[in-house]
Each structure stands twice: as structure tokens, then as C-alpha cells.
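Written out below as C-alpha cells is the structure these notes cover.
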Amino acid sequence: MFYQCPKCKKTWQYPLQKCPECFLKLERFESKNLKVIGISRVLIPSPMHPKVPYFVLLLEDENGNKFVQKFTPYRTGGSDAGAMKEYKIGDRFEIKASQNKNSVAIWRAKYDLYEAISRVISLLGGLKIDQNKKILILPTLVSVCHPHERENTHPEVLRELIKILIEKGAKAENIKVAGQSHSETPIEAMAKKSQILSVCSENKVEFLDLGKGIFKRIEKEGLVFEISEEIFKNDLIINLPILKLDSKLGVKGAMENLIRFWKKENFLGQKYLYGEEELILKLKEVFSSFAKASEDKPKILNLADGTIIQRSNRQAVILDLILASFNPLNLDRVFAEISMIPLPEYLKSVKISEIPISGREIGEVQWQLEKI
Ligand SMILES: [Zn+2]
1 MFYQCPKCKK TWQYPLQKCP ECFLKLERFE SKNLKVIGIS RVLIPSPMHP
51 KVPYFVLLLE DENGNKFVQK FTPYRTGGSD AGAMKEYKIG DRFEIKASQN
101 KNSVAIWRAK YDLYEAISRV ISLLGGLKID QNKKILILPT LVSVCHPHER
151 ENTHPEVLRE LIKILIEKGA KAENIKVAGQ SHSETPIEAM AKKSQILSVC
201 SENKVEFLDL GKGIFKRIEK EGLVFEISEE IFKNDLIINL PILKLDSKLG
251 VKGAMENLIR FWKKENFLGQ KYLYGEEELI LKLKEVFSSF AKASEDKPKI
301 LNLADGTIIQ RSNRQAVILD LILASFNPLN LDRVFAEISM IPLPEYLKSV
351 KISEIPISGR EIGEVQWQLE KI
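Counting from 1, one number per residue, gives the positions in the sequence shown under full-length UniProt numbering.
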């Protein structure tokens, strides 16, 4: 992605507000054809690049714009897991989308959240959105905290997502942002302090307390799940968790956030009997059984905020990633692999080699987040 002044055609690799000479808003343009024009092979590991060897490729697009990108030759997951791919000077550099509904898309969000969110959506094959489509977004809302503490989904991530949905044709009145408090704290207080509420009002999008709505009883495996009716009333659900590392659950991400669709009293009662890890796996089964869309894609898209994440000691650390998948458990498994943490029980059943990865390879973005 490059940013260009429409008048003087000066080009930047990062988004400036305005061209410093013409004071005009820069326009985004995406490179269409990338060619490898230089290769460095790195053999010495460093804290942020623990796996070697890796390559730093110098790429050039059709307009002569150049940039460097880290590249790891090992495929971690999918049909070509374990395969090696190396580039030679003059090769075309391609990033392929995946139509597999279990794949996980990974992209860097260094300067431009809008670009990273659009990119992971298109890496999964895109979303069909029209003005009648009813969309429900579920950010992480668990504490009354400022955005910088990374307790809740960052408001910028929600802001850019709503912008993308509206540009794709969605109407603001058909988009809702939802949450449910599983504690004594009212959800409105969390939505306000986290600035999620102000993003809703600036976009004229309704904020909904799921706890005040109707829940549908679903019986599965001898358990009763009371799940918010909103899942059935909307055409597309976007689960928008912030990723965290957690001393008990290992990963708090897509699966843990989906619990907010579960009625508080019903969930807390079951949690007392079964424990959270077991319930996460059971909930996955419930969701896979009813969350199939009538069309070709599953109904729930999981889009994870991995820009700055909380470690298990609650310190925030930069990761600069956006992850997306139609499979929430696969998304959490990939995040555990990226963070190089010991796997919690509930993620051990998910084999990383069976998850197709698109965008950036796991090895390119992996680092020991708990040890830095
Ligand atoms: Zn200019």
C-alpha cells in the first residue's frame, strides 16, 4: 500500500494526513504486481525475530515503488504445511486469498488499520454487503477502562471497521454494536470509558445491551444454552475481540468473546459446574450447528484486534497484527502459535498444521510475547 498526493504525485509508504507541500489529502493506492528485486538471508536470531533463517525481500511494484518485507520460507499450516518456498531475484511476489472457511488471515497493521482490516477481509474471500444487510458487531467489553489499557477492543479498530462496512454498501441504521456484562458493572459504563460508545454515536450506529434482550434456549449435549436472539435476527455477525494472553485460559480471544452472546446467569451457572475451557469447546459446537449462513459463507466473521495486546501480567505489548477467520477456535490457535505460549488444554485439540494461513506466514510475525 502506498499513499500519493493527487496533485504533485509524491508518494509515501505510510499514511500522512496531508501532502506537506500541497495540503491535499493523500490517496491510497495498492501495488498490483510485485517483483522481487533483492534478497537478504538472515541467519542470526533477534528478540523480535526468533526464528531463523528468514529472508528480507526488496520488492518493487509496477510503478517503481520499492519496499522491504520479511519472508519466511516455511509454511506452517494448510495443504502445503512444512513445504519450503524460496524466492529468486526477478520472481513475482504474490499474496493469495483463501476461500477455505477454516483459514486464518494475518496482516500487519503498522500504520494503517483501515488497510489491515480491509486486507484480512479480502484474504478470506471478501464480504457480500448491501444496504439491507443487518450487521451486528461484538467488540470485547469487559472493564471500565481507557483504550490504552487494552482491556477492551480499541475504538479505532471499531471506527475503521464501520467505515469499511459503510463503504461496502451497509447502512448505518442496519449496523449495531453489542455487548453484555457478565459482572456487576453495567455494560454502558464499559462502553463509555472504552470510547466504543462515542464511535457508535459519531457513526449514528446503535449500541445494544444484549442482557436486556431475548435469549433463545438451545439444548445440546445435555446442556441448556441461552443464546442471544440477536444472532438469529442479523445477517452478519462480526465478532471483534481484542487478543490477550491470560494466565488461566492461555488466550483470551475470539472464543472467549463469543461467550458474551450467552445469557449471564445461565453462563455463570454452567461455568461453576464445568469450568471455562470445557464450556468454550461446547459453545464452539453450539455455534457451528446454527451459525451457518444460507449462502456460501458462515455467518460469524471473527476479526481480532492484535495491534497492542495485554500479556498475562496485564502489561501491554505491541504486536501490530489484525487476524481474521470464520473459525474462532482456529484464530485463537494461530494467536497462541504467534505468541509462542504453552498451549492451554482447549487449544491442544486444534492442529496448527491443519489450519490454512493467508496473508503473512506465522513464522514472519512470531515472537515470545510473554518473555519480552
Ligand atoms: Zn502534493
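Positions of the beta carbon are idealized from the N, C-alpha and C atoms, including for glycine.
Neighbourhood of residue i by C-beta, 6 Å cutoff - its chain only, sequence neighbours within 5 removed
{"i": "tryptophan 12", "result": "Tyr3"}
{"i": "serine 243", "result": "Per the sequence presented here, residue 243 reads as leucine, with serine not at that position. Counting only Cβ-Cβ distances below 6 Å, and skipping sequence neighbours, we find Gly253, Ala304, Gly306, Ile309, Phe335."}
{"i": "lysine 263", "result": "Phe215, Glu226"}
{"i": "glutamate 160", "result": "Leu113, Tyr114, Ile117"}
{"i": "glutamate 60", "result": "Lys35, Ile37, Lys66"}
{"i": "threonine 72", "result": "Tyr54, Glu361, Gly363, Glu364"}
{"i": "proline 139", "result": "Thr153, Leu158, Ile196, Leu240"}
{"i": "glycine 64", "result": "none"}
{"i": "lysine 168", "result": "Ile129"}
{"i": "glycine 126", "result": "none"}
{"i": "valine 251", "result": "Asp332, Phe335, Ala336"}
{"i": "serine 183", "result": "none"}
{"i": "asparagine 302", "result": "Asn239, Ala254, Ser325, Pro328, Leu331"}
{"i": "asparagine 266", "result": "Glu226"}
{"i": "asparagine 101", "result": "As written in the sequence, residue 101 is lysine, which differs from the asparagine given in the question. Closer than 6 Å at Cβ, skipping near neighbours: Pro298, Phe326."}
{"i": "methionine 48", "result": "Trp367"}
{"i": "arginine 119", "result": "Trp107"}
Bridge partners - residue i, DSSP secondary structure assignment
{"i": "histidine 148", "result": "Answer by DSSP bridge pairing: none, since histidine 148 is not bridged."}
{"i": "valine 350", "result": "Valine 350 is not bridged to any residue."}
{"i": "lysine 18", "result": "Lys25"}
{"i": "asparagine 239", "result": "Leu138, Asn302"}
{"i": "histidine 49", "result": "Ser46"}
{"i": "leucine 34", "result": "Phe93"}
{"i": "serine 339", "result": "In DSSP, serine 339 forms no bridge with anything."}
{"i": "tryptophan 367", "result": "None, per the DSSP bridge assignment."}
{"i": "glutamate 226", "result": "Arg217"}
{"i": "arginine 41", "result": "Phe55"}
{"i": "residue 386", "result": "Summary: the structure shown does not reach residue 386, with the chain confined to residues 1 through 372, and so no result is reported for it."}
{"i": "leucine 319", "result": "Answer is none; leucine 319 lacks a bridge partner."}
{"i": "serine 358", "result": "Ala105"}
{"i": "valine 251", "result": "Leu245"}
{"i": "serine 312", "result": "Answer is none; serine 312 lacks a bridge partner."}
{"i": "serine 325", "result": "Val104, Asn302"}
{"i": "threonine 307", "result": "DSSP lists no partner for threonine 307."}
Spatial neighbours of residue i in its chain, beta-carbon cut-off 8 Å, leaving aside the 5 residues before and after
{"i": "lysine 220", "result": "Lys282, Glu285, Val286, Ser289"}
{"i": "serine 358", "result": "Ile95, Lys96, Ala97, Ser98, Ser103, Val104, Ala105, Ile106, Leu123, Leu124"}
{"i": "glutamate 277", "result": "Leu249, Pro344, Glu345, Tyr346"}
{"i": "lysine 7", "result": "Cys19, Cys22, Leu24"}
{"i": "lysine 85", "result": "Pro73, Arg75"}
{"i": "lysine 9", "result": "none"}
{"i": "proline 50", "result": "Met340, Gln366, Trp367, Gln368"}
CB of residue i within 8 Å of CB of residue j, strictly
{"i": "valine 365", "j": "leucine 321", "result": "yes"}
{"i": "arginine 311", "j": "leucine 245", "result": "yes"}
{"i": "leucine 158", "j": "isoleucine 175", "result": "no"}
{"i": "leucine 24", "j": "proline 15", "result": "no"}
{"i": "leucine 141", "j": "glycine 179", "result": "yes"}
{"i": "tyrosine 346", "j": "isoleucine 280", "result": "yes"}
{"i": "leucine 329", "j": "methionine 255", "result": "yes"}
{"i": "arginine 260", "j": "leucine 210", "result": "yes"}
{"i": "lysine 88", "j": "glutamate 62", "result": "no"}
{"i": "isoleucine 372", "j": "valine 317", "result": "yes"}
{"i": "glutamine 131", "j": "lysine 171", "result": "yes"}
{"i": "glutamine 368", "j": "methionine 340", "result": "yes"}
{"i": "isoleucine 135", "j": "aspartate 235", "result": "yes"}
{"i": "valine 42", "j": "leucine 57", "result": "no"}
{"i": "proline 155", "j": "serine 201", "result": "no"}
{"i": "valine 205", "j": "isoleucine 164", "result": "no"}
Cutoff 7 Å; reference residue i; Cβ partners in own chain excluding five residues on either side
{"i": "alanine 293", "result": "Because the pLDDT of alanine 293 is 49, which lies under 50, any placement of that residue in the model is unreliable, and the number read from its coordinates should be weighed accordingly. Closer than 7 Å at Cβ, skipping near neighbours: Lys299."}
{"i": "leucine 197", "result": "Ala191, Phe207"}
{"i": "threonine 185", "result": "Val144"}
{"i": "phenylalanine 29", "result": "Phe2, Gln4"}
{"i": "isoleucine 187", "result": "Leu141, Gly179, Gln180, Ser181, Asp209, Gly211"}
{"i": "leucine 343", "result": "Gly250, Ala336"}
{"i": "arginine 217", "result": "Val224, Glu226"}
{"i": "glutamine 270", "result": "Leu223, Leu279"}
{"i": "glycine 213", "result": "Ser228, Glu229, Glu230"}
{"i": "isoleucine 39", "result": "Phe55, Leu57, Tyr87, Ile89"}
{"i": "glutamine 17", "result": "none"}
> What residue ranges within the segment 254-303 form continuous alpha helix (DSSP H) runs of no fewer than 4 residues, ordered along the chain?
Replying inline: The segment 254-303 contains these whole alpha helix (DSSP H) runs: 254-258, 264-274, 276-290.
| query | Is the number of C-beta pairs between the segment 319-332 and the segment 225-234 that are closer than 8 Å three or more? | reply | Taking a cut-off of 8 Å on C-beta distances, the segment 319-332 does not touch the segment 225-234, as fewer than three cross pairs fall below it.
Counting by C-beta, which residues lie closer than 7 Å to a heavy atom of ligand 3, in chain order? Within the structure as shown, ligand 3 is missing, the only ligands being ligand 1.
If we require 4 or more residues per run, which alpha helix (DSSP H) segments fall completely within the segment 155-208?
155-167, 187-193, 196-202
Q | alpha helix (DSSP H) runs wholly inside the segment 48-124, at least 4 long, in chain order | A | 113-123
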